[in-house]
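**Q** Protein chains in written order, with the working numbering: chain A, 57 to 464; chain B, 426 to 680.
Each residue gets a CB set at the ideal place from its N, CA and C atoms; glycine is no exception.
1) For residue 441 of chain B, write down the residues that DSSP places opposite it in a beta bridge.
2) Can you tell which of B/585, B/629 and B/665 has the C-alpha that lies nearest to the C-alpha of residue 652 of chain B?
3) Spell out whether any CB of chain B is found under 8 Å from the CB atom of residue 488 of chain A.
4) Under the rule that 16 or more other beta-carbon atoms within 10 Å means buried, what is residue 151 of chain A, buried or exposed?
5) For a contact defined as C-beta to C-beta under 8 Å, what are the partners of residue 29 of chain A on chain B?
6) Just confirm the distance between the C-beta atoms of residue 340 of chain A and residue 362 of chain A, as a whole number of angstroms; I'd bet it's less than 8 Å.
7) Excluding sequence positions up to five away, which residues of its chain have a Cβ less than 6 Å from the Cβ of residue 144 of chain A?
8) Assuming residue 154 of chain A and residue 121 of chain A make a contact with CB atoms under 8 Å, what is their CB distance in whole Å?
9) Have a look at the DSSP bridge pairing and note the partners of residue 224 of chain A.
10) Measuring straight from C-alpha to C-alpha, what distance separates residue 441 of chain B and residue 601 of chain B?
11) Name the two residues that bound the continuous beta strand (DSSP E) containing residue 386 of chain A.
12) Among B/510, B/529, B/613 and B/672, which has the Cα closest to the Cα of residue 551 of chain B?
13) I need the boundaries of the alpha helix (DSSP H) containing residue 216 of chain A, first residue and last residue.
14) For residue 511 of chain B, count the other beta carbons within 10 Å of its own beta carbon; 16 or more makes it buried, fewer makes it exposed. Which is it?
15) With H, G and I counted as helix, E and B as strand and the rest as coil, what does DSSP make of residue 64 of chain A?
16) In the DSSP assignment, what residue or residues form a beta bridge with residue 497 of chain B?
17) I'd like the span of the alpha helix (DSSP H) that includes residue 261 of chain A, first residue to last.
18) Leaving out the 5 sequence neighbours to the left and right, which residues in its chain are closer than 8 Å to residue 208 of chain A when beta-carbon positions are compared?
19) If you check the beta carbons only, do residue 102 of chain A and residue 125 of chain A fall under 8 Å apart?
20) Give the DSSP-derived three-state secondary structure of residue 329 of chain A in the structure shown.
21) Touching or not, the stretch 661-669 of chain B and the stretch 427-434 of chain B, by the rule of three or more beta carbon pairs under 8 Å?
22) If you check the beta carbons only, do residue 420 of chain A and residue 383 of chain A fall under 8 Å apart?
23) DSSP three-state call for residue 374 of chain A: helix, strand or coil?
24) Please list, in chain order, the residues of the stretch 577-590 of chain B that have any C-beta partner in chain A closer than 8 Å.
25) If the cut-off is 9 Å on Cβ atoms, which residues from the stretch 369-383 of chain A count as contacting chain B, listed in chain order?
26) Please list the partners that residue 477 of chain B has in chain A, where partner means a Cβ-to-Cβ separation under 8 Å.
27) For residue 243 of chain A, I'd like the list of residues in its chain whose CB is within less than 6 Å of its CB, leaving aside the five on either flank, ordered along the chain.
28) Give a yes or no on whether the minimum CB-CB distance between residue 423 of chain A and chain B is below 8 Å.
29) Could you tell me which residues DSSP puts in a beta bridge with residue 121 of chain A?
30) Does chain A have any CB closer than 8 Å to the CB of residue 465 of chain B?
31) Does any CB atom of chain B fall closer than 8 Å to the CB of residue 429 of chain A?
32) Any beta-carbon of chain B closer than 8 Å to the one on residue 326 of chain A?
33) Is the stretch 564-583 of chain B touching the stretch 539-553 of chain B in the sense that three or more CB pairs, one from each, lie closer than 8 Å?
34) Do residue 407 of chain A and the ligand ATP come close, with the Cβ less than 7 Å from some heavy atom?
35) Using 8 Å as the limit for Cβ to Cβ distance, is residue 599 of chain B near chain A?
36) Cα separation between residue 132 of chain A and residue 237 of chain A?
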């Protein structure tokens, strides 16, 4: 009661006293407080549990939670809908949204807004964590977004962005969703320093999203690390991709991508490091591929890609492909399976290296033959093929393999 | 019985061939592991050596040694001891000393230079292979009538398991690739201890690639611990079955 009186007294102050600080607690309805707030006000939310839902923010206010007040959707409702520009929301816990096939239930939804900041929030067990639609210049930073999705159909994405521009998604921890971060028709955005893991489908998913950059993110144990589809000018730098295991698991899945860069990333313990299909003019430079099943799978539909200065170490197979057409360039890579020599001691091997091994082709045709992999007999086949290539695509080769590994 | 085992074990430790075997393994291990910083590559080469050397040398050496100690066995049999007991203690002494050679030759360098899980598995498979092929050597000794035939049989058997079997297997897989042969293949693998050992290591080194193949074989068998359990179980059978067979035949054999 006292709190409401305080609020009322604040409201009775003359209009000149703008940017007031309003305190509210679990007993009062936040929606009422928000409706009466004026632009620029700060709303402090006291700790406690708020069984309030579908809270619509229509004025540009700053919402700050004290010690993570909990907004609970009771498995039925959405929680915050931000429909005003320049709203900032931080330090709250949003949990238990409902699940619906009609509406994408979101913990915090940004609708047609710009310059909104969502920071230091905890978003727990929501279908969609933070949902941006048609928004510009928004910042999503330092949030903890976790759920426990088990299948693709029943779940949503951690950070979901649709038809947006110039977003900054930074330093979030995202786990247990369908896609950690999902971008559809999102342009000119930056994703950096996030940790996306244990998601059912992808750690990060791009669809029709051009001119985006993601750097220094970590992707672990997702269905696949990053899927980039039907996009161009995507910059992927200094990310870590680890432990994506399964028959459709990749560090990066590239489908119809062009004019992009993949640089200084680390791929370790993935079934496939990079899978490329229909992708053109991509520069794959200075990445470290370590202990993957296949470091790269480059389908014959890829053209004019350059793969240079990478380290390929301890992978079961270095490169696999599905045809004989070879329109990509491999140069100056370090391959730990290279057995050539360097007579003039310029650090570059004198004979070309063929990254596609014969057994990767054989086992592709007949998967069962994988059971004989690394037996004495298959070693003989590999050696024979090296001397006289007949099965492996002769055109796919690195003419200047490095003798020593790059320091990456 | 223990006295006989101890005697065989100590006699073999002084044996020049065993010493050479240990030394060769140790030199190979140190060179392969020390070649460059790439641990997986060294481990793979060591695996190849284990899969090739251990069966051939163990079978040959044990068969020859058993034939050479035939007179000693006859002498022992004139005493009031059971035939099974003598054969088992001969086997135990033999298998233990060859395993000791393997552990010192390969295990020690591995533990010093590369103490990871896969190294332990390699040592385990090496020891299991030693026990298996000593057991097969014993069976050859019991079955063969004279030393020359025995040695011939030992050579053929060890080459069959290291080379020929995989060739037959590959021919089988390629000619029946249109049929659901996965279960048959898993069953057939159980017939060759060398392949079982290789799969144990494959599960350590190449799980990532094995997970990339669709199909029940790789998911259920190779993709889980079931594969390892199956391999070890089959290998244990490979120790026990030839040993029991040898005991059975030896009990009735006219010396």
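**A** This is what the structure holds:
1) Here residue 441 of chain B corresponds to residue number 16 of the second chain, with the count starting at 1. Note: residue 441 of chain B sits in no beta bridge, so no partner.
2) As a working mapping, residue 652 of chain B is identified with position 227 in the second chain. Checking every option, the nearest Cα to that of residue 652 of chain B belongs to B/629.
3) Since the first and last residues shown for chain A are 57 and 464, residue 488 of chain A lies out of range.
4) Within the first chain, residue 151 of chain A is the residue found at index 95, counting from 1. Classification for residue 151 of chain A: buried.
5) Given a span of 57 to 464 for chain A in the structure shown, any question on residue 29 of chain A remains unanswerable.
6) For this step, residue 340 of chain A is matched to residue 284 along the first chain. For this step, residue 362 of chain A is matched to residue 306 along the first chain. Yes, residue 340 of chain A and residue 362 of chain A are in contact; Cβ-Cβ is about 7 Å, under 8 Å.
7) Working through the first chain from its first residue, we reach residue 144 of chain A at position 88. For residue 144 of chain A, same chain residues with a beta-carbon under 6 Å away, outside a window of 5 residues either side, are 118 and 173 in chain order.
8) For the purposes of this step, residue 154 of chain A is taken as residue 98 along the first chain, with counting starting at 1. For the purposes of this step, residue 121 of chain A is taken as residue 65 along the first chain, with counting starting at 1. Contact flag wrong, Cβ pair sits at about 22 Å.
9) Numbered from its first residue, the first chain carries residue 224 of chain A at position 168. For residue 224 of chain A, the pairing in a beta bridge is given by DSSP as A/195 and A/246.
10) If you number the second chain from 1, residue 441 of chain B lands on position 16. If you number the second chain from 1, residue 601 of chain B lands on position 176. Roughly 48 Å between the two C-alpha positions.
11) Here residue 386 of chain A corresponds to residue number 330 of the first chain, with the count starting at 1. Counted as a single uninterrupted DSSP element, the beta strand (DSSP E) harbouring residue 386 of chain A occupies residues 385-387.
12) Translated into the one-based positions of the second chain, residue 551 of chain B becomes position 126. Of the residues B/510, B/529, B/613 and B/672, the one whose Cα lies closest to the Cα of residue 551 of chain B is B/529.
13) Reading the first chain from its first residue, position 160 is the one you call residue 216 of chain A. Looking at the DSSP string, residue 216 of chain A is not in any alpha helix (DSSP H); the run it does join, the beta strand (DSSP E), is 215-218.
14) Here the question's residue 511 of chain B lines up with position 86 in the second chain. Burial is judged here by how many other beta carbons sit within 10 angstroms of a residue's own beta carbon; residue 511 of chain B has at least 16 and is buried.
15) Position 8 of the first chain, counted from the start, is the residue given in the question as residue 64 of chain A. Note that residue 64 of chain A scores 49 on pLDDT, short of 50, meaning its location in the model is unreliable and no value can be drawn from it.
16) On the second chain, position 72 is the one that residue 497 of chain B refers to. None, per the DSSP bridge assignment.
17) The residue you call residue 261 of chain A lines up with position 205 of the first chain. Taken as a continuous stretch (DSSP letters only), residue 261 of chain A belongs to no alpha helix (DSSP H), being part of the beta strand (DSSP E) at 258-263.
18) Walking along the first chain from the start, residue 208 of chain A turns up at place 152. Closer than 8 Å at the Cβ level, and outside the excluded window around residue 208 of chain A, lie 234, 256 and 257.
19) As a first step, residue 102 of chain A is located in the first chain; it is residue number 46 there, counting from the start. As a first step, residue 125 of chain A is located in the first chain; it is residue number 69 there, counting from the start. In this structure, residue 125 of chain A lies closer than 8 Å to residue 102 of chain A by Cβ.
20) The count along the first chain starts at 1 and reaches residue 329 of chain A at position 273. DSSP, reduced to helix, strand and coil, places residue 329 of chain A within a strand of the structure shown.
21) In short, these stretches do not touch, since the Cβ pair count stays below three.
22) Working through the first chain from its first residue, we reach residue 420 of chain A at position 364. Working through the first chain from its first residue, we reach residue 383 of chain A at position 327. No; because the gap between Cβ atoms is not below 8 Å, this pair is not in contact.
23) Indexing the first chain from 1 puts residue 374 of chain A at position 318. In the structure shown, residue 374 of chain A sits in a strand (DSSP, three-state: E or B).
24) Going along the stretch 577-590 of chain B in chain order, one finds 587 and 588 with a Cβ nearer than 8 Å to chain A.
25) Residues of the stretch 369-383 of chain A that bring their beta carbon within less than 9 Å of a beta carbon in chain B comprise 369, 370, 371, 372 and 373, in sequence order.
26) Numbered from its first residue, the second chain carries residue 477 of chain B at position 52. Those are 432, listed as they occur along chain A.
27) Translated into positions along the first chain, residue 243 of chain A becomes position 187. Cβ neighbours of residue 243 of chain A beyond the five flanking positions: 221, 266 and 267.
28) Counted from its first residue, the first chain places residue 423 of chain A at position 367. Yes, contact with chain B.
29) Position 65 of the first chain, counted from the start, is the residue given in the question as residue 121 of chain A. Answer is A/101.
30) By 1-based counting over the second chain, the position of residue 465 of chain B is 40. So yes, residue 465 of chain B belongs to the interface.
31) Residue 429 of chain A sits at position 373 when you count from the first residue of the first chain. Yes - at least one Cβ of chain B is within 8 Å of the one on residue 429 of chain A.
32) The residue you call residue 326 of chain A lines up with position 270 of the first chain. Closer than 8 Å: yes.
33) The stretch 564-583 of chain B and the stretch 539-553 of chain B do not touch, with fewer than three beta-carbon pairs separated by less than 8 Å.
34) Of ligands this structure carries none, so the ligand ATP is not represented either.
35) The residue labelled residue 599 of chain B in the question sits at position 174 within the second chain. Residue contact with chain A for residue 599 of chain B: present (Cβ-Cβ distance below 8 Å to some residue of chain A).
36) Position 76 of the first chain holds residue 132 of chain A. Position 181 of the first chain holds residue 237 of chain A. Using only the alpha carbons, I get a separation of about 23 Å.
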